[in-house]
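Each residue of the sequence shown is one higher than the last, beginning at 44 in our numbering.
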Amino acid sequence: MPGDPLCKPSFIDNILGRFYNSSIFIKDPPKKGRDAVYLYKLEIELADRLLFLVLAADNDETAFDYIEDHLARAYTVVPEVKQAAIVEKKRVTKGAGYLLSSESN
Numbered sequence: 044m045p046g047d048p049l050c051k052p053s054f055i056d057n058i059l060g061r062f063y064n065s066s067i068f069i070k071d072p073p074k075k076g077r078d079a080v081y082l083y084k085l086e087i088e089l090a091d092r093l094l095f096l097v098l099a100a101d102n103d104e105t106a107f108d109y110i111e112d113h114l115a116r117a118y119t120v121v122p123e124v125k126q127a128a129i130v131e132k133k134r135v136t137k138g139a140g141y142l143l144s145s146e147s148n
């Protein structure tokens, strides 16, 4: 971005071999916790069964809002949810995931 004081091309101090402060190209670096996405494992209790849903969301409230959308995709008639709870929550990173078992514990 020409003319932007924070986006100047960098150059190396040839004597000491280091970069000057102008080598920073990010105008507004992301702050910790900003734009974070979490992976949720939700337990959903229906009248006749127990379901587990794994989804990505920005926060807990949004995760609960997505439950009905996912049920609508899986069922022709959306079943009534008796209870829903967050079982696990972790930040989305490479390799993040949950192991689901078909056996009752």
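We put the CB at the ideal spot given by N, CA and C, even for glycine.
This one's a predicted model, so the numbers in the text were calculated from it and none came from an experiment.
Determine the DSSP secondary structure at residue i, reduced to helix, strand or coil.
i    : result
E123 : coil
Y81  : strand
Relative to the C-alpha of residue i, which residue among the options is closest?
i    : options               : result
F107 : D91, Q126, V121, L93  : Q126
L96  : V121, E131, D78       : E131
T136 : E104, A90, D103, A99  : A99
E104 : R116, P122, A128      : A128
L114 : L94, L142, D101, K133 : L94
A90  : S144, E111, V124      : V124
Classify residue i: buried if its beta carbon has 16 or more other beta carbons within 10 angstroms, exposed otherwise.
i    : result
K84  : buried
Y118 : exposed
Y8   : Residue 8 falls outside the range modelled here, since the chain spans only 44 to 148, and no answer is possible.
Look up residue i in the DSSP assignment and give the residues it is bridged to.
i    : result
I87  : L94, A127
K137 : Its beta-bridge partners do not exist; DSSP assigns none.
A106 : A106 pairs with nothing; no bridge assigned.
A100 : Y81
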